[in-house]
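First up is the structure itself, then whatever we jot down about it.
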Amino acid sequence: MSATNFIESHELRDAFVGKLLDGLVNRIVEQGDDLLSRAGVVFPSRSASTVLLLGNGKNLSAADIAKILGEPHQLATQRVDLLITLGIASRVDDPRDARRKVVRLTPKGRRQLQKLEASLVLARAAMAALFDEIGCDLSAAALRAMRALDHKSLAERTRAIAAAAA
Numbered sequence: 059m060s061a062t063n064f065i066e067s068h069e070l071r072d073a074f075v076g077k078l079l080d081g082l083v084n085r086i087v088e089q090g091d092d093l094l095s096r097a098g099v100v101f102p103s104r105s106a107s108t109v110l111l112l113g114n115g116k117n118l119s120a121a122d123i124a125k126i127l128g129e130p131h132q133l134a135t136q137r138v139d140l141l142i143t144l145g146i147a148s149r150v151d152d153p154r155d156a157r158r159k160v161v162r163l164t165p166k167g168r169r170q171l172q173k174l175e176a177s178l179v180l181a182r183a184a185m186a187a188l189f190d191e192i193g194c195d196l197s198a199a200a201l202r203a204m205r206a207l208d209h210k211s212l213a214e215r216t217r218a219i220a221a222a223a224a
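Here this note's numbering is used: position 56 in the sequence shown is 114, and no number is missing along the way.
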C-alpha cells in the first residue's frame, strides 16, 4: 500500500487511528450513497439505519430513534426531518399519548425500505468479501475496540505507559 497523505506515511500514524478510520467511514459512506442511488434509494446512506429502524413499525419519536441508534438527539432529528422532506417518513400523533409525535414510514418509505433491504443484503456480502480480502472483520474489530476503550480509556492507557516508562 502506498501512502497517499502525510499521516499515512508518518511514523506516528497509529496515534491517528481516529483520522484514518474517519477516512474509511467517509469512503464507505460515499460508496454506500452510490450503491443506494443505483438501487433507486433516494435518501443518503447515513439515514439507512433510521429507515431500517422505522421499518419495524413501532411508534418511535425522534428521541427514541436517537437512543436506540446511539446517536445525538439533534442528529436523529435532522435525519428524520430529511426523511420527511423526501416523503419517506411522516410525523403523526402518538396513539397512546397525544402530546407526543412519532415517526412512521409513508407508503413511499415502505417501498424505499424494500430497496434498502435488498441493497443491504448485497452490501453485507460485499463487506464480507472485503473482510476476507484484508484479513480482518472490521465490524467485529470495531466493536472489540469500542468495548476495550469503554473498559480502559485512552487516557488511562497513556498514563499507564508513562508510569511504566518512568
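C-beta: ideal position from N, C-alpha, C; glycine also.
Relative to the C-alpha of T62, which residue among G81, E191 and D195 is closest? Within the sequence shown, numbered from 1, the residue matching residue 62 stands at position 4. Taking only the C-alpha atoms, the option nearest T62 is G81.
In chain order, what residues of the same chain lie with their CB nearer than 8 Å to the CB of D1, ignoring the 5 residues before and after it? Because the chain is modelled from 59 through 224, residue 1 falls outside the range shown and cannot be assessed.
Give the DSSP-derived three-state secondary structure of D155 in the structure shown. Position 97 of the sequence shown, counted from the first residue, corresponds to residue 155. If DSSP states are grouped into helix, strand and coil, D155 belongs with the strands.
Please classify I146 as buried or exposed, where buried requires at least 16 neighbouring CB atoms within 10 angstroms. If you number the sequence shown from 1, residue 146 lands on position 88. Buried, since its Cβ has 16 or more Cβ neighbours within 10 Å.
Where in the region 114-152 do unbroken runs of the beta strand (DSSP E), each at least 3 residues long, occur, reported from the N-terminal end onward? 147-152
Cβ contact (3+ pairs, closer than 8 Å) linking the region 124-143 and the region 86-93: Contact fails: fewer than three Cβ-Cβ distances are below 8 Å.
Touching or not, the region 104-117 and the region 159-175, by the rule of three or more beta carbon pairs under 8 Å? yes
Under 8 Å by Cβ, that's how I've got R159 and R149 pegged, so tell me the actual separation to the nearest angstrom. Counting from 1 along the sequence shown, the entry for residue 159 is found at position 101. Counting from 1 along the sequence shown, the entry for residue 149 is found at position 91. Arg is not the amino acid found at residue 159; the sequence shown has Lys there. Yes, K159 and R149 are in contact; Cβ-Cβ is about 5 Å, under 8 Å.
Leaving out five residues on either side along the sequence, give the residues of the same chain with a beta carbon under 6 Å from the beta carbon of N117. In the sequence shown, the residue the question calls residue 117 occupies position 59. For N117, where only same-chain residues beyond five positions count, the Cβ hits under 6 Å are D152 and V160.
Among R182, G98, H209 and K210, which has the Cα closest to the Cα of S197? Position 139 of the sequence shown, counted from the first residue, corresponds to residue 197. Closest by alpha carbon: R182.
How should L79 be labelled, buried or exposed, when 16 other C-beta atoms within 10 angstroms of its C-beta is the threshold for buried? Counting from one through the sequence shown, the residue named residue 79 turns up at place 21. With fewer than 16 Cβ atoms within 10 Å of its Cβ, L79 is classed as exposed.
Give me the DSSP bridge partner(s) of R162. Position 104 of the sequence shown, counting from 1, holds the residue named residue 162. Answer is S148, bridged to R162.
Taking the alpha-carbon positions, what's the F64 to I86 distance? Stepping through the sequence shown from its first residue, residue 64 is reached at position 6. Stepping through the sequence shown from its first residue, residue 86 is reached at position 28. F64 and I86: Cα-Cα distance of roughly 21 Å.
Considering just the uninterrupted stretch of the alpha helix (DSSP H) at V66, what are its terminal residues? In the sequence shown, the residue the question calls residue 66 occupies position 8. With the sequence shown as reference, residue 66 is identified as Glu, and Val is not the correct amino acid for it. Taken as a continuous stretch (DSSP letters only), the alpha helix (DSSP H) holding E66 covers F64 to S67.
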